[in-house]
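Take the position in the sequence shown, starting the count at 1, then add 1; the result is the number in our numbering.
All residues carry an ideal CB built from backbone N, CA and C; glycine is no exception.
Keep in mind the model is a prediction, meaning the values are calculated, not measured.
Presented below is the structure to which this report refers.
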Amino acid sequence: KGARTGTGIVPSWFLKGLDAFRFALQSQLGRKMMTSSTLVETVSINYEDFTEGFLTCGTCLCTYDGSERTPKLLPCSHTICKACLESMVSQVGVRESGSFRCPICRETIGLPRGGVSAFPPSFLVNQLLDLISRQRREVVPKCSHHVSQELLFCETCDCVFCNLCTNDCHSNVIRDADNKCEHTVIPFSIAIKRMSEILLYKAHQCIARLNEAHENVLTEMRKLDQNADHAFEDINRTFQEMINIVDRRRQELLSYAKKMREDKRSVLQDQLNIIEGEKAKVEAECSGLQYQVEVRNITKKISDLNEKIDSVSSLQEPRENCFIRYEHLHNSAVDDIQKAVNHFGSIRTSKTFPSLCTATVGKCSANLKTIAHITTYDYNGVKQKFGGDLVSAEVIHCEDGSNVATRIVDNRDGTYDAIFVPPKGGQYVLRINVFGRPIKNFPIEFEASSHINPLCIYGCRGTDQHQFVQPVGIALNHANNTVYVLDTGNGRIKVLSQNDCNNSPFTFVTHIEASALENRACTGIALTPKADTLLVTNWRSRNITEITIEGKFVRHFSHKELVEPTCIAVNNEGEIFVADNGANTVFIFHPSGKLKKKIENINNKGVPRFSVIGAINIGPNNELIVADSRIQIFSSDGKFVREIYPEGKLRGNYGGIVFDQNGILLATRVEKAKSFIQIFEYNSGAIKFTIDSNDAKLKRPSSLTTTKDFHVIVVDLGNDCIKKYRYL
């Protein structure tokens, strides 16, 4: 049925295939020529010497076999045949002591509980027996024309030839005409052995793969049974809950019907008791009437009975009726219940084949949300159209092995998103499983950059419609995604619309040009609460001008204490905050333009509050955020609340600041020759990370604004452009 080898049982069909393979090799004739050949020498071992030295029991000198002379391995590493061991164990005293001495090294050997059969077989001797049994069957192939000449095999040309037939050489003119090389020649019998070994090795590899596949299928079947059992339990549990609900309702109705019966019975019983009482009274009054001879008394009794007859007429009719009936067809409740039961629960299955599913990871930067897009396919390679599969993902930092929190979003169309935020730069590995089995490209290695670069850059220096000269301010209308950029050097406001394309997210709309924007002196811009007008500050004229989004003049106002108004912000109530670096003061104006309050530079302790104010903005509760070399928070009426970012050793200045309504504060900062964007937790004041824009360095960044989809648009004054980044 098969042959035993050192690694397992080879079936007979495989041995037949091996013989056919050997015959095919022997049938090849070498007629190819070569420039030079090398004959590889082989070593022959005498069969008798080898058998006597390695395959003979050292006690009885009999050759090992697979029956009585089965080789057994002792704990001392010596091999003795099974027959000799049984003979030694049968001696007197061995079974009582439970041990015997090895006949070769005299070491004491403990007898196992199962006796001689419990000793393990000598696998090495068995392998040698298999090898010898195969060698004895082999026949050295000879040349059909030269019976005494052994055939040779050229490994380079992959051909069989007779050395005498080819006159000690063979050639391949086509192969070796331009490229001369030495060929390795070995005896054909050795080649057959090698190829047989390779074939056997490959067969064992194939069998191992099939065994693994067999185990995988069995594992999946066990999981299938487990999941089905869980589904059965859930079905029984949920429907039992429904049955309990129905049964509770049944008990409620039964209890209510019983209560109604008892209430009605109680009323009727009370009436019955009254009737019995009245009846007893009448019988008691008339009990001695036959002995009564006084006519007057009899007449009075008759009169009383007449009154009694009139009074008991009300007792003739039962005071309660007997009506009790269960009704359930008066409404659509039964139909509704039927529909609800028919649609209650469903059995979810899937044809997704994990080994064909794929995932892709886009550009990844530390501290930013990263999405790995997963696409599922069935066994035939057809993309799935529905979700609901059990998808899991694990992200691990390769250097320190830390796990990154990951969540799966089911897009309900056969695709899924694995969302995570790498906490730092470096190499990561993403392992995605569907139903606990790895997907096609498992695992995925990717790198998270420690730098955050712009998604796009819009504009350059110039006067054309897509160019800027010293842009300083920006405002965003969140209702229609319109961007207003204060192009100070060109004396205009550039109006841009946003789209969803990251490569070109801005589309030019128009330019707003007005007299208030001339003289290159406008430095602050803000939208009013209704988003229908813009406010701009002009430090030369010291005016705050309001214009419509079409560029029409609305009004302007000023104040005698204004010296150099640069920054402006408007809260939800329409109050206007103006930062004046000439007066070192923040002015608070009423929506009408009248001065309401001032936040002066010197506080109650005589300490200066402000240096050069770079930006102001409004917080979540209408508080004022002021950024100079620090970030300070003031209430809407001008009282100091707290400081978020104190000035440290590395002195710098802020150029822009914005709150994004999601608890995040963003600010542009310049420290010496380095410019970057800081991201803060507004409530705690803790800095989360910075945007360094490593591939497109910022140069004097000023104002900035955020979009609803967590992008920040920064005005890069030094580079005469605007840049768009992701910050979450």
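Is residue j closer than 7 angstroms to residue i when the C-beta atoms are compared?
{"i": "G664", "j": "Y683", "result": "yes"}
{"i": "V126", "j": "E87", "result": "no"}
{"i": "F189", "j": "V161", "result": "yes"}
{"i": "F730", "j": "I688", "result": "Past the boundaries of the shown model lies residue 730; the chain is included only from 2 to 729, so the question cannot be answered."}
{"i": "R432", "j": "E400", "result": "no"}
{"i": "S498", "j": "T508", "result": "yes"}
{"i": "R320", "j": "Q272", "result": "yes"}
{"i": "A570", "j": "F558", "result": "no"}
{"i": "V759", "j": "Y417", "result": "The structure shown does not extend to residue 759, since the chain spans only 2 to 729, so no value can be given for it."}
{"i": "D390", "j": "K352", "result": "no"}
{"i": "D717", "j": "L699", "result": "yes"}
{"i": "K386", "j": "V422", "result": "no"}
{"i": "P566", "j": "D581", "result": "yes"}
{"i": "I545", "j": "L535", "result": "no"}
{"i": "G552", "j": "T538", "result": "no"}
{"i": "H452", "j": "D693", "result": "yes"}
{"i": "E648", "j": "Q633", "result": "no"}
{"i": "P121", "j": "L62", "result": "no"}
{"i": "N750", "j": "F690", "result": "Outside the shown range of the chain (2 to 729) lies residue 750, about which nothing can therefore be said."}
{"i": "V564", "j": "A584", "result": "yes"}
{"i": "K384", "j": "G415", "result": "yes"}
By how many angstroms is the C-alpha of residue j removed from the C-alpha of residue i?
{"i": "S315", "j": "I276", "result": "10 angstroms"}
{"i": "T377", "j": "L705", "result": "41 angstroms"}
{"i": "L130", "j": "L56", "result": "7 angstroms"}
{"i": "Q679", "j": "V671", "result": "10 angstroms"}
{"i": "D629", "j": "G492", "result": "26 angstroms"}
{"i": "K640", "j": "K599", "result": "10 angstroms"}
{"i": "L16", "j": "A204", "result": "At L16, the pLDDT of 44 sits below 50, so the modelled position is not reliable and the matter cannot be decided from this model."}
{"i": "V715", "j": "H231", "result": "55 angstroms"}
{"i": "I619", "j": "V659", "result": "8 angstroms"}
{"i": "A84", "j": "L132", "result": "23 angstroms"}
{"i": "Q466", "j": "T359", "result": "44 angstroms"}
{"i": "C476", "j": "L528", "result": "It should be pointed out that residue 476 corresponds to Ala in this sequence rather than to Cys. Distance between the alpha carbons of A476 and L528 is about 7 angstroms."}
{"i": "I105", "j": "T60", "result": "8 angstroms"}
{"i": "V419", "j": "G346", "result": "Residue identity differs from the one stated: residue 419 is Ala in this sequence, not Val. In a straight line, the C-alpha of A419 is about 28 angstroms away from that of G346."}
{"i": "N404", "j": "D501", "result": "32 angstroms"}
{"i": "Q270", "j": "Y257", "result": "19 angstroms"}
{"i": "V362", "j": "G686", "result": "32 angstroms"}
{"i": "N228", "j": "E242", "result": "21 angstroms"}
Quick one: is residue i buried, meaning 16 or more other Cβ sit within 10 Å of its Cβ, or exposed?
{"i": "A373", "result": "buried"}
{"i": "V613", "result": "exposed"}
{"i": "T702", "result": "In the sequence under discussion, the amino acid at residue 702 is Pro, which differs from the Thr named in the question. Buried: at least 16 other Cβ atoms inside 10 Å."}
{"i": "K724", "result": "buried"}
{"i": "F240", "result": "exposed"}
{"i": "G463", "result": "exposed"}
{"i": "L667", "result": "buried"}
{"i": "R114", "result": "exposed"}
{"i": "D710", "result": "exposed"}
{"i": "A522", "result": "buried"}
{"i": "L487", "result": "buried"}
{"i": "F469", "result": "buried"}
{"i": "V587", "result": "buried"}
{"i": "Y202", "result": "exposed"}
How is the beta strand (DSSP E) around residue i delimited, first residue to last?
{"i": "A616", "result": "616-619"}
{"i": "E328", "result": "Segment: none, E328 is in no beta strand (DSSP E) and carries neither H nor E."}
{"i": "K725", "result": "722-727"}
{"i": "A628", "result": "625-628"}
{"i": "N654", "result": "654-660"}
{"i": "A580", "result": "577-581"}
{"i": "K675", "result": "675-682"}
{"i": "T586", "result": "586-590"}
{"i": "L153", "result": "153-155"}
{"i": "V95", "result": "Segment 95-98 is the alpha helix (DSSP H) holding V95; no beta strand (DSSP E) there."}
{"i": "L74", "result": "72-74"}
{"i": "D710", "result": "Neither: D710 is in no beta strand (DSSP E) and is coded neither H nor E."}
{"i": "N164", "result": "Taken as a continuous stretch (DSSP letters only), N164 belongs to no beta strand (DSSP E), as it is neither H nor E."}
{"i": "D411", "result": "407-411"}
In the DSSP assignment, the alpha helix (DSSP H) including residue i goes from what residue to what residue?
{"i": "L273", "result": "189-286"}
{"i": "T300", "result": "296-313"}
{"i": "L86", "result": "83-90"}
Taking 7 angstroms as the CB-CB limit, is residue i close to chain C?
{"i": "V613", "result": "Annotation note: the requested chain C is absent from the structure, which comprises a single protein chain."}
Point to revise | Every unbroken alpha helix (DSSP H) inside the region 459-534 [4 residues or more] | key: List check, alpha helix (DSSP H) in window: nothing returned.
**Study point:** Secondary structure, beta strand (DSSP E): runs of 3+ residues fully inside the region 337-404
**Key:** 359-362, 371-376, 392-398
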